[in-house]
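Since the structure comes first, as structure tokens, the remarks are kept for the end.
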Amino acid sequence: LYNCCNMKRLNVTNGYVCCPVENRQGLLLELLNRHYDQQDKAWNKKIVIVFSHDNCVRFYTELFQRLKQLPIIPLLKANLKSQGGLDDYSLFLEAETAVIAVSTRTALQLPGLTADKIIQYEPPLSLQSVSSLSSMCSDYLLFLRPQEVSFVEELRRSGGALSSMSEQFVPWDSVRKLPKQKVQQWYKNIHSMNINSKAAYKAYMDSIRDHQLSDIFNLEGVLIKEVAQGYCFVVPPFYKLVNETPRHDQELERKKLQSENMVIPKTAKVVKTSFLRVVREDDQDPEAVHRRAQSKAAKQKAAGQQKRKRVYREDEVVIHEDGTVELGRDQMEIHNLHKHRRMIIGKAKKSDMRALKRQMNNTEGIVKTSTRIGNKKRRRPIKIPRSMKSM
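Residue numbering for the sequence shown follows the UniProt record's numbering, starting at 1 and increasing by one per position.
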């Protein structure tokens with residue numbers, strides 16, 4: 001990063017960058033490209049890039065590898081339980097210069113993590129996470145949106161090394177954006193790029209929407225179109241801006257109200273099973289709600305009484321009060337078997353026909369006949385030799 005006035009390198013231990021949403025990816029790529037020697041194929045520093053989720057780690061490591069052939073080691077939380085992930089981390093600790101990409105929770109759990117520079121690319125978890133990460137390096141850089149600059153004041157109030165946070169200015173004219181057409185072509189032809197880009201986009205939006213410090217990190221003033229432009233999306237992926245109450249929590253709240261013998265109005269939060277719900281004017285009136293519940297119970301009771309009036313004769317027929325007649329249970333089963341037999345004769349396998357025959361033979365009330373069920377084999381006529389015909 002350079003000062004826009006004299007273009008000299010800034011030697012500040014802890015700093016932050018006020019970066020618009022659509023320029024975040026280009027600035028990070030430019031910063032990493034300055035620390036990588038393309039001729040020697042080596043880094044000149046030991047750098048840790050901190051993201052909010054493992055999906056972001058997967059996407060950015062693959063993106064920068066395809067754009068500039070930058071060898072970034074992804075350390076996923078799931079891989080650290082295996083020997084391969086531990087080997088990658090041990091190689092980073094032993095190397096003089098290297099770059100790894102991790103999530104915030106994974107970085108806080110890594111034992112003995114030290115680096116020359118830590119880049120907090122996405123929103124941090126809390127003030128404590130920033131203080132712990134800044135103590136692991138000699139240079140800490142924090143990416144913030146213009147709406148999140150008030151977070152720096154919270155860091156300064158906390159005291160310590162974080163009180164010296166200063167803004168680092170960037171000449172935005174020299175920062176190039178991602179090649180949009182090339183990245184969109186990768187989304188179209190490479191499955192992993194398509195899936196990981198959408199997952200990283202949603203993970204970044206989740207980190208802002210569900211942040212603990214909702215007064216600072218929230219979706220107010222965020223334009224989805226600008227965020228999607230940073231990821232080179234033609235159409236922004238679908239995303240729920242409002243975090244809905246989980247289904248389980250809604251059911252628990254409703255059961256709690258029922259246990260307290262409280263009248264639950266129709267406007268209470270429930271699991272929606274239909275969008276045909278009509279909002280009535282008397283929804284807030286407990287007496288009206290009670291009357292509707294009574295009428296519904298009376299209708300259910302009348303339907304049950306009407307059902308009990310039916311007279312069943314299992315072996316013969318069902319006679320209703322209005323004079324209509326239905327087949328009984330056994331007769332209906334026999335009828336269905338005969339109907340099934342007529343449907344499948346001529347196109348069923350022999351094994352199916354044998355099973356059907358066995359089922360019909362074991363059913364009472366079916367007259368057993370001597371006719372075979374199934375396709376009979378055609379018998380070829382016996383050829384009589386000519387010598388025998390002459391006799």
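Glycine is no exception: its CB is placed at the ideal position from the N, C-alpha and C atoms.
Item	Value
Assigned exposure category for A107 - 16 Cβ within 10 Å defines buried	buried
Bridge partner(s) assigned by DSSP for Q120	V50 and L142
Which residues DSSP lists as bridging S166, in chain order	G15
Residue from V102, P20, Q258 and R254 with nearest C-alpha to F59	V102
Endpoints, alpha helix (DSSP H) assigned at A95	First-last for A95: undefined, no H or E at that position.
Which of helix, strand or coil DSSP assigns to S126	coil
Whole runs of the alpha helix (DSSP H) within the segment 143-231, excluding any shorter than 4 residues	150-158, 180-189, 191-209 and 224-230
Identity of the residue in A203, A228 and R354 nearest C56 by Cα	A203
Paired residues, beta bridge with V102 - DSSP	V50
Simplified DSSP state of P286, which is helix, strand or coil	helix
Option nearest K77 by Cα separation, candidates P71, G85 and L70	G85
C-beta atoms of V183 and N23 nearer than 8 Å	no
A303 CB to nearest heavy atom of the ligand ATP below 7 Å	This structure lacks the ligand ATP, and indeed carries no ligand of any kind.
Reduced DSSP category for S370 - H, G, I as helix; E, B as strand; rest coil	Confidence is the limiting factor: at S370 the pLDDT is only 46, short of 50, which leaves the residue's position unreliable and the question unanswerable from this model.
Rounded C-alpha distance that separates Q39 from N33	12 Å
Where S126 falls, given that 16 or more other Cβ within 10 Å makes a residue buried	exposed
contact_flag[the segment 212-221, the segment 185-200] where n(CB pairs < 8 Å) is 3 or more	no
Bridge-paired residues (DSSP) for residue 392	Lying outside 1 to 391, the shown extent of the chain, residue 392 is not represented and no answer is given.
S52, buried or exposed, once every other Cβ within 10 Å from all chains shown has been counted against 16	buried
Assigned exposure category for K180 - 16 Cβ within 10 Å defines buried	exposed
With 16 other Cβ atoms within 10 Å as the buried cut-off, status of W186	buried
Cβ-based burial, N14 [other Cβ within 10 Å; buried from 16]	buried
Exposure label - L91; buried when at least 16 CB within 10 Å	exposed
M37 - DSSP class collapsed to helix/strand/coil	The residue you asked about is not Met; residue 37 is Asp in the sequence shown. Looking at D37 - three-state DSSP - the assignment turns out to be strand.
Bridge partner(s) assigned by DSSP for P74	A101
Cutoff 8 Å: F59 Cβ touching any chain C Cβ	Here chain C cannot be found, since the structure has a single protein chain.
Of the listed residues Q168, S132, S131 and A288, nearest to V149 (C-alpha basis)	Q168
Cut-off 7 Å between Cβ atoms - residues of its own chain near Y121, not counting five sequence neighbours on either side	L28, I49, V50, F51 and F143
Selected residue, minimal CA-CA separation from S192, among E62, E30, C18 and I47	E62
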